[in-house]
Structure formats: C-alpha cells, structure tokens
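2 protein chains.
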Amino acid sequence: MSTEPRELRADARENRLRILAVATDVIEQQGTMASLNEIAKRAGVGPGTLYRHFPSREALLAEVLATWVKRVEEAAQSAPVRTRDDLVDWLGRLAGIASGYRGLAASMAASMDDEASPLRHAHRASLVANTLVFERAREAGLIDHAVDSGTVARLVTGVAMVAEQATLPPEQVRDMLRVILDGLTARSD
Amino acid sequence: MSTEPRELRADARENRLRILAVATDVIEQQGTMASLNEIAKRAGVGPGTLYRHFPSREALLAEVLATWVKRVEEAAQSAPVRTRDDLVDWLGRLAGIASGYRGLAASMAASMDDEASPLRHAHRASLVANTLVFERAREAGLIDHAVDSGTVARLVTGVAMVAEQATLPPEQVRDMLRVILDGLTARSD
DNA sequence: ACCTGAACACCGTTCAAGT
DNA sequence: ACCTGAACACCGTTCAAGT
Chain Z
21 MSTEPRELRA DARENRLRIL AVATDVIEQQ GTMASLNEIA KRAGVGPGTL YRHFPSREAL
81 LAEVLATWVK RVEEAAQSAP VRTRDDLVDW LGRLAGIASG YRGLAASMAA SMDDEASPLR
141 HAHRASLVAN TLVFERAREA GLIDHAVDSG TVARLVTGVA MVAEQATLPP EQVRDMLRVI
201 LDGLTARSD
Chain B
21 MSTEPRELRA DARENRLRIL AVATDVIEQQ GTMASLNEIA KRAGVGPGTL YRHFPSREAL
81 LAEVLATWVK RVEEAAQSAP VRTRDDLVDW LGRLAGIASG YRGLAASMAA SMDDEASPLR
141 HAHRASLVAN TLVFERAREA GLIDHAVDSG TVARLVTGVA MVAEQATLPP EQVRDMLRVI
201 LDGLTARSD
C-alpha cells in the first residue's frame, strides 16, 4: 500500500529532501502554479532531477501537502460543535486551509475527477475530517439529520476558489458559508 | 460613457473584427486561457496587431462576452419563478452560462476584485439578472425576504468553478445549488 | 543509479522597421 | 495610422552525455 521511496542513493535522498523543502517555500509564496524550473534552480539541481523525483506537478504538490493534511485532521478533532456559529467557523477554517496556498483549492477540485491523482489522499483526508465534525455536531444535537459531506466539500471548495480568486473580505466569505450551513440544516423535503 | 472604437482605418477595422471572430471560436474550444499568439496567427495578423486592438486578455474576453451577456439577460427575463425548483433551475442556468467557456467563472471571479477590469460589465450584468429573478420570485410569494444577490452571485460562481474544474455530473451540481437555495430562503436569525 | 544542462517547442509581450 | 515579425525572457519537458 505504501508508495514511500525505498532506498535511495545518498545524493538522491538529499536532493529529494532539498527539492521538497524549497518547493514548500516557493509554493507558499507563489502558489501551486509556481515555476518548476525555478524550484529546481533554487534547490541547486537540474530540471531533470526534479522530474526524476516528482514526475508531475501534482506529485510534487501531494508531498508538499503532507503537513497540510495533518493540520486539517487536527483542526477537525479540536473543532468545537456547540453552536451553529461553531460550524460556520469550522467551514471557514476548512476553506482557509484549502486556500492556504494560492491555487490549492483549484488543484484539489481538479483532483476530484481523477481517480489516480496524487492529490487524492489530501482530498480524502479533508473529506473525512469534515464528515467527522458534522457527525459530532449531530451527536451533540446541534443538527438533526445527516448531511452529505461530498456536497459540503464541493461547496466549501467553491467558496475557497472564489475567495482566493477575488480576495474577498472575511465577512463576505462568512456570509457565503452561513448560507451553506443554513441550507445544510434546513430540511428540503 | 461609451468606449466603442471611433473611426478605424478600413484594414484596422477588418482586422479587429476578424480577431474577435477567431477569438470567439478558439476560446469556445480551448477556454479563456487559450494562446493569444495562436488567435493572432489564425486571424492572419501579427501578435502586435492583436495587442494593439486588445491590450490585455481580459479586454479581448470582455468583447467576446457580448453575446454571452445577452444570453444571461434573456434567460433572466424568461425564467419561471413559480416553484422552488424553478429557482434551482435558474441558478443552474446561471452557473451553466458562467462556465460556458472553460475558465470563464475563474476570470469573472478575478474581476470581482478589480474595479477597472474590462469584465466588470459582464459581471454586473449577471448580478443584475440574478437580482431580477429573485425579486420576481419574492413578488410571486415564493420567498418571503430579500436575498443578498452579491452573496448569491459569489456562491454560484463558486459552484461553476468547482463544476468545471472537476467536471461534476449534473445531479451533483444540482445538489450544491439546492443547498444554496435552501440556505437563502431559510431564516438564519 | 543518478545528475547535468543544453535543447525543443511553446508562452506573453515588445518594438524597430516597414507601408 | 497601422501592421509585421523578429526578438526577449520566460515556461514545461526531454534526453544525450557525463559521473
């Protein structure tokens, strides 16, 4: 099941780690569309070396996102679910994390489609995290029926995409999320 | 108020129209990120000529969108507002038009920010159209309070962005829109 | 086994030179 | 006044040649 690298030659291992560190920096600053050639140059390797370790931009991104995935999982566990505002806060945190890097929400959305996308793990992790929070909210009596977490995830991704494209003020993002939460907890039958 | 071209030399006028026609074709096929050099080449002009007529990709896009704007306005006027499903349909049509070209929803979202964006007209038109539909729904007694059309527009843009990035099946899009509509018509106080 | 870096086919954008 | 097209500085991606 594990796709972790087995035993790399010492120089290869070092290069790999250095590329990953540099990529994290550069992507944090410039977004998920940052130049791969620039990352290679800053890491002190030829472009071919980057491609050898990470055959696609998504493969690189997936590894960079490892710490990101942890943040989502932690946030889900510690998220309070006492009031409806708590849930709006949670969605906001989810959207905020999803747009932690510019272009990330779009990259994630694109990966929904693709069964083989390297980003699938990150995507599934955020979906599971979200399901967990809403399940806890239901157990706490805050909402009275199950919500479809796939739909929630897609909606929140949409909010994140608009927010980062248009650099919306936080209260406009919150308005969007509140509508979504109201829609989720209103019976539509 | 009008920024229409005044009196162009005959060859310039012809070039301009040909660029526009070709751009409409190419953008329809390849999306809003289509190569400008390719558009110029297909239109039989040098790249400099395209830039002379349309100083930015957005300026070109704004003109290509003229017929698009008409479609939104017509759709708004003829949209039935008798049932809640009618409203979901309307949002679906809006989202569908917004992603008529691949990348259009993202381009529109980016223009929300920028006061001087050439896409502002198209964006405002869709906002006005949406306000019109919901106002008619309110008059028809379908909903009982005003909705914030800015928030609606942003949410629908988000749905359109996710839908085209992930190429979602129609029923998933509909699920998203239904949640939004429920959220809009539920009292949140 | 791994790395280098030149090379290729593209971008968007500019601008001297032409008509 | 307008157009051309070469030129520039970039992309992503590949692959022979090196170690």
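From first to last, the protein sequence lines stand for chains Z and B. Here the first sequence stands for residues 21 to 209, where the numbers follow the numbering used here. Here the second sequence stands for residues 21 to 209, where the numbers follow the numbering used here. Where is the CB? At the ideal position from N, CA and C, for every residue including glycine.
Inter-residue distance for PRO190/Z and GLY178/Z is about 15 Å (C-alpha atoms, whole angstroms). Against GLY203/Z, the close residues of chain B are ARG198, VAL199, ILE200, LEU201, ASP202, GLY203, LEU204 and ALA206, in the order they occur along the chain (beta-carbon pairs closer than 8 Å).
Any Cβ of chain B closer than 8 Å to the Cβ of ARG113/Z would place that residue at the interface, and such an atom is absent. Taking CB atoms only, MET181/B has a neighbour in chain Z less than 8 Å away. Within chain B, the residues placing a beta-carbon under 7 Å from that of ALA186/Z are ALA129, ALA130, MET132 and ASP133, ordered along the chain.
Using a 10 angstroms sphere on the CB of THR171/Z, the tally of other CB atoms reaches 16 or more, which defines it as buried.
Sequence-distant Cβ neighbours of PHE74/Z in its own chain, meaning closer than 6 Å and more than five residues away, are LEU80.
Among the residues of the stretch 143-158 of chain B, none has a Cβ less than 7 Å away from any Cβ of chain Z.
C-alpha of ARG158/B to C-alpha of ASP106/Z: approximately 31 Å in a straight line. Between ALA115/Z and ALA149/Z a beta carbon distance of about 13 Å is seen, past the 8 Å cut, so the two are scored as non-contacting.
When 8 Å is used as the limit between beta carbons, GLN192/Z is near these residues of chain B: GLY170, THR171 and ARG174, in chain order.
Scanning its chain for C-beta atoms nearer than 8 Å, with the 5 sequence neighbours on each side dropped, one finds around VAL193/B the residues GLY112, ALA115, VAL179 and ALA183, in chain order. The Cβ of THR177/Z sits closer than 8 Å to at least one Cβ of chain B. For the pair ALA142/B and LEU85/B, the CB atoms are nearer than the 8 Å cut-off. Apart from sequence neighbours up to five positions away, the residues of its chain that approach MET53/Z with a beta-carbon distance below 6 Å are GLY123, ordered along the chain. In terms of CA proximity to ASP45/Z, ARG62/Z leads the group GLU34/Z, LEU147/Z and ARG62/Z. Contact between LEU139/Z and GLU78/Z holds: CB atoms are separated by about 6 Å, below the 8 Å threshold. When the Cα atoms are used, GLU94/B and THR205/B turn out to be separated by approximately 25 Å. Between the alpha carbons of ALA129/Z and SER55/Z lies a gap of roughly 21 Å. In this structure, DSSP gives VAL179/Z a helical state, which the three-state scheme calls helix. DSSP assignment within the stretch 82-147 of chain Z yields the following whole alpha helix (DSSP H) runs of 4 residues or more, N-terminal first: 86-98, 104-118 and 124-133. DSSP places THR52/Z outside any alpha helix (DSSP H), giving it a letter other than H or E. At a C-beta separation below 8 Å, ALA126/Z has these neighbours in chain B: ALA126, MET181 and GLN185. Comparing alpha carbon positions, the residue from GLY161/Z, ASP195/Z, ASP133/Z and GLN185/Z closest to ALA186/B is ASP133/Z.
When secondary structure is reduced to three states using DSSP, PRO189/B falls in the coil class, being assigned neither helix nor strand.
Sequence-distant partners of GLY120/B (beyond 5 residues in either direction) whose C-beta falls short of 7 Å from its own C-beta, in its chain, are TRP88. For LEU70/B, the enclosing alpha helix (DSSP H) covers residues 67-73.
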